[in-house]
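Engineer: Chains as they are written, first to last, in numbering that gives the first Met the number 0: chain A, 0 to 552; chain B, 0 to 552. Heads up, the beta-carbon is just placed ideally off N, CA and C, and yes, glycines get one too. Small disclaimer: the values here were computed from a predicted structure and weren't measured.
2 protein chains.
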Amino acid sequence: MTKVIDFQTDPSKYRHWRVEYDGPIANLYMDVDENAGLFEGYQLKLNSYDLGVDIELSDIVQRMRFEHPEVKVVVMQSAKEKVFCAGANIRMLGGAEHSHKVNFCKFTNETRNTFEAAEDDSGQKYIAAVKGACAGGGYELALACNHIMLTDDSTSSVALPEVPLLAVLPGTGGLTRVTDKRKVRRDLADIFCSIEEGVKGKRAVDWRLVDEVIPNSKFDETVQQRAREFATSSSKPDVAGGITLGPLDKKIGKDGSVTYSLVEVSVDRDARKATITINGPQDDAPADMDAFTAQGDQAYLLRLVRELDDAILHLRLNEMELGLLVFRSQGDPEKVQAHEALLINNKDSWLANEVLKYWKRLLKRVDVTSRSLSALVEHGSCFTGVLAELLWAVDRTYMMEDEFEGDNRPTAAITLTDANFGLFPMGNDLTRLGTRFLGEPEALSAAEAEKGAALEAEMANELGLVTMILDDIDWEDEIRIFEEERASFSPDAMTGMEANLRFAGPETMETRIFGRLTAWQNWIFNRPNAVGPDGALQRYGTGVRGTYNMERV
Amino acid sequence: MTKVIDFQTDPSKYRHWRVEYDGPIANLYMDVDENAGLFEGYQLKLNSYDLGVDIELSDIVQRMRFEHPEVKVVVMQSAKEKVFCAGANIRMLGGAEHSHKVNFCKFTNETRNTFEAAEDDSGQKYIAAVKGACAGGGYELALACNHIMLTDDSTSSVALPEVPLLAVLPGTGGLTRVTDKRKVRRDLADIFCSIEEGVKGKRAVDWRLVDEVIPNSKFDETVQQRAREFATSSSKPDVAGGITLGPLDKKIGKDGSVTYSLVEVSVDRDARKATITINGPQDDAPADMDAFTAQGDQAYLLRLVRELDDAILHLRLNEMELGLLVFRSQGDPEKVQAHEALLINNKDSWLANEVLKYWKRLLKRVDVTSRSLSALVEHGSCFTGVLAELLWAVDRTYMMEDEFEGDNRPTAAITLTDANFGLFPMGNDLTRLGTRFLGEPEALSAAEAEKGAALEAEMANELGLVTMILDDIDWEDEIRIFEEERASFSPDAMTGMEANLRFAGPETMETRIFGRLTAWQNWIFNRPNAVGPDGALQRYGTGVRGTYNMERV
Chain A
0 MTKVIDFQTD PSKYRHWRVE YDGPIANLYM DVDENAGLFE GYQLKLNSYD
50 LGVDIELSDI VQRMRFEHPE VKVVVMQSAK EKVFCAGANI RMLGGAEHSH
100 KVNFCKFTNE TRNTFEAAED DSGQKYIAAV KGACAGGGYE LALACNHIML
150 TDDSTSSVAL PEVPLLAVLP GTGGLTRVTD KRKVRRDLAD IFCSIEEGVK
200 GKRAVDWRLV DEVIPNSKFD ETVQQRAREF ATSSSKPDVA GGITLGPLDK
250 KIGKDGSVTY SLVEVSVDRD ARKATITING PQDDAPADMD AFTAQGDQAY
300 LLRLVRELDD AILHLRLNEM ELGLLVFRSQ GDPEKVQAHE ALLINNKDSW
350 LANEVLKYWK RLLKRVDVTS RSLSALVEHG SCFTGVLAEL LWAVDRTYMM
400 EDEFEGDNRP TAAITLTDAN FGLFPMGNDL TRLGTRFLGE PEALSAAEAE
450 KGAALEAEMA NELGLVTMIL DDIDWEDEIR IFEEERASFS PDAMTGMEAN
500 LRFAGPETME TRIFGRLTAW QNWIFNRPNA VGPDGALQRY GTGVRGTYNM
550 ERV
Chain B
0 MTKVIDFQTD PSKYRHWRVE YDGPIANLYM DVDENAGLFE GYQLKLNSYD
50 LGVDIELSDI VQRMRFEHPE VKVVVMQSAK EKVFCAGANI RMLGGAEHSH
100 KVNFCKFTNE TRNTFEAAED DSGQKYIAAV KGACAGGGYE LALACNHIML
150 TDDSTSSVAL PEVPLLAVLP GTGGLTRVTD KRKVRRDLAD IFCSIEEGVK
200 GKRAVDWRLV DEVIPNSKFD ETVQQRAREF ATSSSKPDVA GGITLGPLDK
250 KIGKDGSVTY SLVEVSVDRD ARKATITING PQDDAPADMD AFTAQGDQAY
300 LLRLVRELDD AILHLRLNEM ELGLLVFRSQ GDPEKVQAHE ALLINNKDSW
350 LANEVLKYWK RLLKRVDVTS RSLSALVEHG SCFTGVLAEL LWAVDRTYMM
400 EDEFEGDNRP TAAITLTDAN FGLFPMGNDL TRLGTRFLGE PEALSAAEAE
450 KGAALEAEMA NELGLVTMIL DDIDWEDEIR IFEEERASFS PDAMTGMEAN
500 LRFAGPETME TRIFGRLTAW QNWIFNRPNA VGPDGALQRY GTGVRGTYNM
550 ERV
């Protein structure tokens, strides 16, 4: 699996999904082309999916919000007979490297979270209309919808058969959503998760696994009726037309560097490091949201977030050995602030809201990226407002102090704005500064009092906004030592440490999915009972069950 | 490591710790005998510890509460020069099976939680008086204390060097307590956890890693002064004398069965199952707490909880392949209620309080036991009040319905008491019934309304208290099928599934330690970077660092 995985797609290229738009209702059909897997060696039978299927879904969910803001209800359904979705493709999983399995699960989790949050964030409600078998990752797709409807016939059921069948866990939030979202009683959840055949009919409602069960003969009609009801009762305002998300301006160099219009990713393979440079806006902010809408996908903050999102995904899946991601920026902080202010001042406008919510998702994607992350606040940088959030999404932040010889860029400064105090919650539902200052709530107020000021190194350090400030004499050495040290550590220990240190404070379903469920799944993905030659994943489809070491640990 | 590990000890057998009692202050000295490791192949240098050292500590913490209720402050300190504690012994870890590592970490975590909770539960406050190096598990010992004092000299520091040195995580709650208890700022925590040498002096206070730092010359004096201050300001009432915890009446049979005075553990190796039978009290409840105190460690509910505790630990460490633990009981439920009522009605008495808190700990130990758990509510059983908590600590509960041919025992019934509505919170701080009915809070009120009634099968089922009720015709078959099915599943998948299904709802530091931190550690304990032939754990002490696969997953 060494080919470069591209996360950019568009409707003209879809092989696995299609959408029919019907005013405020979008009918989303899963119709996986079994011969169009992302890699060789497996067929995507029974609407099973691989990363390629999920990249399309992610693209659809994204475009739904920018290109089709008129949509209030999305009905997710199968275009195949007798099967809704059989979940992640087992042969693909059986053949994949550990790292691919883990990254695959993370991306699918992010996509599930995105459409689950679409109702709260954008007023787009997802209905899962389940006809036929809905198993494993298929049921996890449904679980992430806001409403689950199940047809009442002999072949339609919901199931999480991973444990009995494959000796792994449902990998996309299934267990957590069963207990925490659906609030299924624990012993019933235990039964549900240990039977291959799943649960159907009235029992599925009684156990809280689905919201309603409907006779087969009335199913399609009732689903459309329910969609219309939800659309009618939706508080989402009517919006006429969206904006088009065109292809990104992106070039991958031979050395692995990636150049976008605003973002540059340079690669240092010896140091196992990628440096992500964000360039500030050239132009002034649009005068108003009409002007912003006219710019469409070329508007600075939308273009930037799309490029950053793609860069992070590219590095995650295609550059496994780059263990350290370094963020830096160059540009005019006042211009960044002006671009941001337009959105914040108009956040009731659908498009401003969507761009801000996209930033929320991008920042969360950074939070859960299993690489060591650092940021360099150099002279000439523009870490202000939403860009400054990156400084607290990373593990460490270094900032230039005083003049550097021969460097006549403007002195490094950080400016806090309203964006830093509530607009961009982390997965734990706190802001990044709130999480940072859990032990010292007074530090949060002190930082807020400095909103709008350009905070140079000493002040930023005093306020606790950066990890270390360094002058011309120490800057290069200190950073080199940190980077070399980081590159020498065991990547596994780093992943475990960072996963534990990054999310202090309260937990949410989201932090539990990324923090707890993922860790257990990663563990199981390393155990011979699942992935060994006699393990269940390898034996799947042979008719012989896995042979297990029966020791409990 | 196949010898039977015995969790029973007493002060006459201690090799690694000693306690000096000084009125309300206990000075607890760690003085590990390097030649008295639990297994062959390593020396316990520099106050490093293995499971044997921790079994003694656990015994001390327990006896402190029952035998020395006069103690209000415990000062944990080292009896060695220049070292407080070097943490878990690395050679022991390097040589141990994966399952032993995991069980070792779990037991040490439970012991840390027990002394950390001693202040709230029993008014016994723990001070860590740190002189000399305090690294890894050593600092984790300190972190679980209520107050950390560090001497200010060139050799005294606190450190979590596991990640840089050993490519594993601090395994006993370190990362979680750094972020969630000490609330260390995240980037400082990142630095702290990646430097081998740790942090000393004023910086340790500034970073919130310790509570105070004291010049070496005044350290011992200040520690004792602080202990006296805490004792004086303690709200714990003065108690004259404790009760003695004598040796358990315990026999291990050749077939692996274990017989205590009230608890029988029978073993079915083919079915990979241990059945734990609890016998109800023969005698009436003591008339009052004086009579209870006179019975001392022979009082029914104290004797029972000690035996159950030992049985669970025995099964965890010595019977790895018994994947299913089945709880059953036989006895007079009214007598159980009377014994329990005496404690609940006198819960302000120190001894009643200690017995109830011990039950709280035992039930939590059941909750986090990585085995499939079930309970059988048979005719003649006595699952009432505190014993009924076991029915919701397990994954599934089966209950007999109606008459069984040839069975003239009293009809199976469950009785709820005050014990089920607040006395025994789980790690997530909810009651077991509260957790069970997260999705249906009205079910909790309905159950509470039936307090005191003997609830037979149909009613228990209607109230949602049991998983399934079965009559004479189905009982044996259904249970056999469940047990066979369970025995056929991958133990790893069971462990992961149960860890995710058992703790719905809110998270606490405790659930994060057992749920999230443990899972990441288990994963790392399986990765070649840590445990492979070139991994850091194997290479430790050779002067050569681990060789790592640098791929990030």
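1) Run through the stretch 357-411 of chain A for me and flag every whole alpha helix (DSSP H) of 4 or more residues, listed as ranges in chain order.
2) Leaving out five residues on either side along the sequence, give the residues of the same chain with a beta carbon under 8 Å from the beta carbon of THR434/B.
3) Whose CA, out of LEU536/B, GLY542/B, ASN528/B, lies closest to the CA of MET549/B?
4) Tell me the DSSP secondary structure of VAL167/A in three-state form.
5) Do you know whose CA, among ALA535/B, GLY545/B, TYR547/B, ILE512/B, lies nearest GLY170/B's CA?
6) Between HIS97/A and chain B, is there a C-beta pair that is closer than 9 Å?
7) The beta strand (DSSP E) that contains MET549/A, what's its start and end?
8) Secondary structure at LYS17/A, three-state DSSP: helix, strand or coil?
9) Would you mind reading off the limits of the beta strand (DSSP E) that contains ARG327/B?
10) Could you tell me which of ASN215/B, MET398/B, TRP206/B sits nearest to LYS180/B, measuring between CA atoms?
11) Does any residue of chain A have a CB that is nearer than 9 Å to the CB of LYS182/B?
12) Leaving out five residues before and five after PRO490/B in sequence, what residues of the same chain have Cβ atoms less than 7 Å from its Cβ?
13) Reducing DSSP to helix, strand and coil, say where MET0/B ends up.
14) SER233/B by DSSP, collapsed to three states: which one?
15) Under 8 Å Cβ to Cβ from ARG551/B, same chain only, skipping five residues before and after it: list those, please.
16) Relative to the C-alpha of PHE488/A, which residue among GLU55/B, ALA158/B, ASP30/B, VAL167/B is closest?
17) Could you tell me whether the Cβ atoms of VAL354/B and ALA310/B are closer together than 9 Å?
18) In or out: ASP254/B buried (at least 16 other Cβ within 10 Å) or exposed?
19) Using beta carbons (cut-off 9 Å, strictly below), is MET493/A in contact with chain B?
20) Going by C-alpha distance, which of GLU333/B, GLU447/B, THR243/B, VAL376/B is nearest ALA456/B?
21) Would you kindly report the start and end of the unbroken alpha helix (DSSP H) that includes ASN460/A?
22) For MET467/A, write down the residues that DSSP places opposite it in a beta bridge.
23) Just how far apart, CA to CA, sit TRP16/A and VAL31/A?
24) Whole angstroms are fine: how far does the CA of ALA35/B sit from the CA of MET0/A?
25) Judging by CA-CA distance, which residue of ILE54/A, PHE524/A, ASN352/A is the nearest neighbour of PRO68/A?
26) Using the three-state DSSP reduction, which class does GLU263/A fall into: helix, strand or coil?
27) Which of the three DSSP states is assigned to PHE6/A in this structure?
28) What does SER489/B touch in chain A if you count any residue whose Cβ is under 7 Å from its own?
29) Over the uninterrupted beta strand (DSSP E) stretch that includes VAL74/B, give me the two end residues.
30) Considering only residues of the same chain and omitting the five flanking positions on each side of GLY379/A, which have a CB-CB separation below 7 Å?
31) At a Cβ threshold of 9 Å, is GLY438/A touching chain B?
32) Hey, VAL74/A and ALA226/A: beta-carbon distance below 9 Å or not?
33) Contact defined as beta carbons within less than 8 Å: I believe PRO332/B pairs with THR414/B. What is the distance between those atoms, to the nearest angstrom?
34) Strictly below 7 Å CB to CB, what residues from chain A border THR175/B?
35) Leaving out five residues on either side along the sequence, give the residues of the same chain with a beta carbon under 7 Å from the beta carbon of GLN294/B.
36) Just curious, the beta strand (DSSP E) that TYR28/A is in, first and last residue?
Structural biologist: Answer, in terms of the structure:
1) Runs found: 388-392.
2) Within the same chain, THR434/B has close Cβ partners TRP391, MET425, ASN427, PHE502, ALA503, GLY504.
3) Sorting LEU536/B, GLY542/B, ASN528/B by C-alpha distance to the C-alpha of MET549/B places ASN528/B at the top.
4) VAL167/A: coil per DSSP, three-state reduction.
5) When each option's Cα is compared against that of GLY170/B, the closest is ILE512/B.
6) Closer than 9 Å: yes.
7) That residue, MET549/A, is in no beta strand (DSSP E); it is neither H nor E in DSSP.
8) The sequence given here has Arg at residue 17/A, not Lys. Here ARG17/A sits in strand by DSSP.
9) Residues 323-329.
10) Measuring from the Cα of LYS180/B, the nearest candidate turns out to be TRP206/B.
11) For LYS182/B, the answer is yes, since a Cβ of chain A falls inside 9 Å of its Cβ.
12) Counting only Cβ-Cβ distances below 7 Å, and skipping sequence neighbours, we find GLY322.
13) Residue placement at MET0/B cannot be trusted, given a pLDDT of 41 that sits under 50; what the coordinates show is reported in the next sentence. Note: MET0/B maps to coil in three-state DSSP.
14) SER233/B falls in the coil class under three-state DSSP.
15) Spatial neighbours of ARG551/B in its own chain (CB-CB distance under 8 Å, excluding positions within 5 residues in sequence) are not present.
16) Comparing Cα positions, the closest option is VAL167/B.
17) Result no, Cβ atoms of VAL354/B and ALA310/B do not sit closer than 9 Å.
18) Under this definition ASP254/B is an exposed residue.
19) Chain B, which has a Cβ nearer than 9 Å to the Cβ of MET493/A, makes this yes.
20) Checked all of GLU333/B, GLU447/B, THR243/B, VAL376/B; the closest Cα to ALA456/B is VAL376/B.
21) Bounds of the alpha helix (DSSP H) holding ASN460/A are 456-461.
22) Looking at the DSSP output, MET467/A shares a beta bridge with TYR397/A.
23) Their Cα atoms are separated by approximately 7 Å.
24) Per-residue confidence for MET0/A stands at a pLDDT of 41, beneath the threshold of 50, marking its modelled position as unreliable; the derived number appears in the next sentence. Between the C-alpha atoms of MET0/A and ALA35/B there is a straight-line separation of about 51 Å.
25) Among ILE54/A, PHE524/A, ASN352/A, the Cα nearest to that of PRO68/A is on ASN352/A.
26) GLU263/A falls in the strand class under three-state DSSP.
27) Looking at PHE6/A - three-state DSSP - the assignment turns out to be coil, as it is neither helix nor strand.
28) For a Cβ distance threshold of 7 Å, residue set ALA166, ASN528, ALA529, ALA535, GLY545, TYR547 of chain A lies close to SER489/B, ordered along the chain.
29) That run of the beta strand (DSSP E) goes 72-77.
30) Contacts found: GLN329, ARG408, PRO409.
31) Yes, GLY438/A lies at the interface with chain B (some Cβ there is under 9 Å from its Cβ).
32) Contact flag set, yes.
33) Contact flag correct, Cβ pair sits at about 6 Å.
34) Within chain A, the residues near THR175/B are ASN499.
35) So the list reads PRO285, once near-sequence residues are dropped.
36) Per DSSP, TYR28/A belongs to the beta strand (DSSP E) from 24-29.
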